[in-house]
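Chains as they are written, first to last, in my numbering: chain W, 1 to 324; chain S, 325 to 582.
(1) Is the Cβ of residue 555 of chain S closer than 9 angstroms to any Cβ of chain W?
(2) What does residue 562 of chain S touch in chain W if you count any residue whose Cβ is under 7 angstroms from its own?
(3) In the structure shown, what three-state DSSP assignment does residue 258 of chain W receive?
(4) Under three-state DSSP, which class holds residue 205 of chain W?
(5) Since residue 529 of chain S and residue 468 of chain S should fall inside the 8 angstroms C-beta cutoff, what is the C-beta to C-beta distance between them, to a whole number of angstroms?
(6) Looking at residue 518 of chain S: is its Cβ nearer than 9 angstroms to the Cβ of residue 401 of chain S?
(7) Compute the distance between the beta-carbons of residue 258 of chain W and residue 244 of chain W, then report whether it is under 9 angstroms.
(8) Three or more C-beta pairs closer than 8 angstroms, one from the stretch 483–491 of chain S and one from the stretch 438–446 of chain S: is that the case here?
(9) If we cut at 9 angstroms on Cβ distances, does residue 120 of chain W have a partner in chain S?
(10) Establish whether the CB of residue 280 of chain W and some CB of chain S are separated by less than 9 angstroms.
(11) Within 10 Å of its beta-carbon, does residue 56 of chain W have 16 or more other beta-carbons around it, so buried, or fewer, so exposed?
(12) Is it right to say residue 231 of chain W is buried, meaning 16 or more other beta carbons lie within 10 angstroms of its own, or is it exposed?
(13) For residue 118 of chain W, which residues of its own chain have a beta-carbon under 7 angstroms away from its beta-carbon, when the five flanking residues on both sides are left out?
(14) Going along the chain, which residues of its own chain have a beta-carbon closer than 6 angstroms to the beta-carbon of residue 570 of chain S, five neighbours each way excluded?
(15) Would you mind giving the Cβ-Cβ distance between residue 286 of chain W and residue 387 of chain S, rounded to the nearest angstrom? I have them listed as a contact below 8 angstroms.
(16) Determine contact between the stretch 214–223 of chain W and the stretch 30–48 of chain W, defined as no fewer than three beta-carbon pairs at a distance below 8 angstroms.
(17) When the distance is taken between beta carbons, is residue 81 of chain W closer than 9 angstroms to residue 160 of chain W?
(18) So, helix, strand or coil for residue 253 of chain W, using DSSP?
(19) For the candidate residues S:579, S:546, S:538 and S:462, whose alpha-carbon lies nearest to that of residue 565 of chain S?
(20) Determine the burial state of residue 240 of chain W: buried for a count of at least 16 other Cβ atoms within 10 Å of its Cβ, exposed for fewer.
(21) What do you reckon, is the C-beta of residue 92 of chain W under 8 angstroms from a heavy atom of the ligand PLP?
(22) Taking C-beta pairs closer than 7 angstroms, name the residues in chain W that residue 430 of chain S reaches, listed in chain order.
(23) DSSP three-state label for residue 289 of chain W, please.
(24) The beta strand (DSSP E) with residue 582 of chain S in it runs from where to where?
(25) How is residue 92 of chain W classed by DSSP in three states: helix, strand or coil?
(26) Give every residue of the same chain whose Cβ lies closer than 6 angstroms to the Cβ of residue 365 of chain S, excluding the five residues on either side of it in the sequence, and list them in chain order.
(27) For a cutoff of 9 angstroms on Cβ pairs, would you count residue 33 of chain W as touching chain S?
(28) What does residue 188 of chain W pair with, by DSSP beta-bridge criteria?
(29) Assuming residue 236 of chain W contacts residue 45 of chain W under a Cβ cut-off of 8 angstroms, what Cβ separation, rounded to an integer in Å, is found between them?
(30) My parser needs the beta strand (DSSP E) runs of 3 or more residues fully inside the stretch 342–405 of chain S; what are they?
(31) Got a sec? Which residues, its chain only, sit under 8 angstroms from residue 24 of chain W by beta carbon, not counting five neighbours each side?
(32) Kindly list, in the order they appear in chain W, the residues whose Cβ is closer than 9 angstroms to that of residue 410 of chain S.
(33) Strictly below 7 angstroms CB to CB, what residues from chain W border residue 572 of chain S?
(34) Going by CA-CA distance only, name the one from S:356, S:498 and S:543 that's closest to residue 480 of chain S.
(35) Using the Cβ count rule (16 or more neighbours within 10 Å means buried), how would you classify residue 582 of chain S?
(36) Does the stretch 52–72 of chain W touch the stretch 171–186 of chain W, meaning 3 or more C-beta pairs lie closer than 8 angstroms?
This is the structure:
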């Protein structure tokens with residue numbers, strides 16, 4: 001008994017708060033889920049599976065991808081939750097205190113359109129509510145076993161889908177970062193009191209790959225006139241209420257009812273299929289991205305893979321998917 | 325300071341334990357149920373926020389987006405005929421182990437016995453059995469859910485320093501479930517006929533995340549290897565929310581069309 005007590009005491013004396021795991025390395029993207037959303041881009045109006053409210057829907061329907069061509073908007077970053085929404089590989093590394101050697105922060109590399117994320121591990125508090133909101137937000141982390149749980153506040157307003165579904169500057173993100181051997185999985189729970197009725201949850205995985213090249217910081221961005229008709233006119237591209245020309249596109253291509261295309265929390269749950277069953281008729285053949293797997297970096301051949309969806313009856317408008 | 329005290333105590337404890345061990349047999353091995361670091365039992369619902377168009381509805385023939393299929397797989401998928409599957413009694417082809425957790429449905433997890441975790445699905449009415457310990461498959465033809473060997477992965481922490489440093493399992497109810505499944509009857513990764521073959525191997529990591537509001541989310545990282553029909557390992561991650569009870573449990577049989 002005394003032996004066990006001594007052993008237990010020794011363990012308790014030096015027991016770390018958690019079982020920290022090394023997350024550092026180059027993690028190569030696997031776009032084996034939502035490839036279209038993450039690579040060429042979603043259809044212009046497709047809010048399926050998003051727990052959005054009416055306000056978010058109204059804003060999304062007024063969005064024009066041409067907005068991104070305005071010089072003052074070309075170099076804006078997406079919010080930090082894009083780590084699970086975007087297609088990029090990520091690099092993770094630790095910053096240590098030079099005196100104690102303890103890890104004070106974990107870093108997640110930037111993307112061309114997202115800033116470096118710093119996950120503070122030293123117990124510092126989040127800034128006051130009205131403090132500035134930087135592009136990366138402000139993130140603190142704690143270990144729960146060997147899962148790193150990170151909590152981000154002070155996010156700038158942005159988007160949760162590239163077709164203009166908005167996120168507000170009151171959004172927060174909880175990320176669970178899990179490593180199993182050479183596989184990294186991040187589950188992000190995005191809360192937004194302005195635009196979401198319940199958390200929007202996404203899970204993504206990456207594979208450890210020392211050969212993948214990942215710049216840790218954002219690449220330089222220089223705005224330039226991209227669209228002559230917008231250059232210097234002061235025009236702000238938008239779509240007026242009730243005038244979105246893409247609103248029926250998903251219904252025509254994929255036969256999904258328009259009310260489903262408008263999204264909402266209900267569309268995320270299995271029981272929603274009961275509503276769909278009587279109304280959905282499977283298209284006879286694939287008409288969009290039907291090439292099969294062209295490799296992870298398939299963007300070069302993408303335009304050849306869009307397919308003959310334009311021949312779909314009633315469809316004459318091009319998609320905005322490749323605009324950005 | 326901490327390390328010095330711990331070192332002395334650990335040296336004493338290790339020396340004493342060595343002498344005790346010489347005269348006593350090892351403690352009995354705990355069952356998987358008793359040693360479970362996390363409680364996965366209960367009802368879980370799949371929250372479909374990704375690949376919606378390929379999970380919630382049956383996509384068109386030829387829609388293979390996101391899956392790293394080989395040309396041979398593409399060729400086979402192009403011959404998909406749900407009527408033919410129905411006629412052959414093969415309606416469960418898209419409910420095999422590599423695909424079952426992607427179906428939109430609810431999952432009921434219970435302990436079948438002390439070393440077997442049971443996962444039942446309402447959609448497709450399938451049952452997966454995760455065998456812990458020294459379980460060996462009994463042979464026979466491959467099945468939709470295959471043979472699954474499971475183990476707990478409990479995070480380890482290093483305590484002490486120098487020559488007495490050692491790793492111990494961390495406390496506090498943290499850990500993961502790792503499952504390897506083989507001997508799976510060939511079927512579909514997607515309902516529209518994207519195939520997996522007889523050599524397919526499924527590796528899964530089940531993680532439990534508890535939120536500050538009390539919500540529990542199960543995250544399953546899924547790795548599918550198939551030398552016949554995949555160009556590279558198919559890597560996906562899914563999430564499920566815990567439900568208070570089985571009130572929404574809604575069993576429905578396999579369907580090759582819906």
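Backbone N, C-alpha and C fix where the C-beta goes; we use that ideal spot for every residue, glycine too.
In brief:
(1) Yes, residue 555 of chain S counts as interfacial toward chain W.
(2) 203
(3) When secondary structure is reduced to three states using DSSP, residue 258 of chain W falls in the helix class.
(4) strand
(5) Contact flag wrong, Cβ pair sits at about 21 angstroms.
(6) yes
(7) no
(8) Output reads no: the stretch 438–446 of chain S does not touch the stretch 483–491 of chain S.
(9) Interface criterion not met: the Cβ of residue 120 of chain W is under 9 angstroms from no Cβ in chain S.
(10) Closer than 9 angstroms to some Cβ of chain S, the Cβ of residue 280 of chain W qualifies, so yes.
(11) buried
(12) exposed
(13) The answer, listed in chain order, is 105, 107, 136 and 139.
(14) 367
(15) 4 angstroms
(16) no
(17) Yes, the pair counts as a contact, with Cβ atoms nearer than the cut-off.
(18) helix
(19) S:538
(20) exposed
(21) Among the components of this structure there are no ligands whatsoever, and the ligand PLP is therefore not found.
(22) Within 7 angstroms Cβ-Cβ: 270.
(23) coil
(24) Element bounds for residue 582 of chain S: n/a, residue is neither H nor E.
(25) strand
(26) Hits under 6 angstroms: 433 and 434.
(27) yes
(28) W:175 and W:202
(29) With 8 angstroms as the limit, residue 236 of chain W and residue 45 of chain W do not qualify as a contact, their Cβ atoms being about 19 angstroms apart.
(30) The qualifying runs are 366–370.
(31) 92, 93 and 94
(32) Ordered by position in chain W, no residue passes the 9 angstroms Cβ test against residue 410 of chain S, which lies about 15 angstroms from the chain.
(33) 271
(34) S:498
(35) That one is exposed.
(36) no
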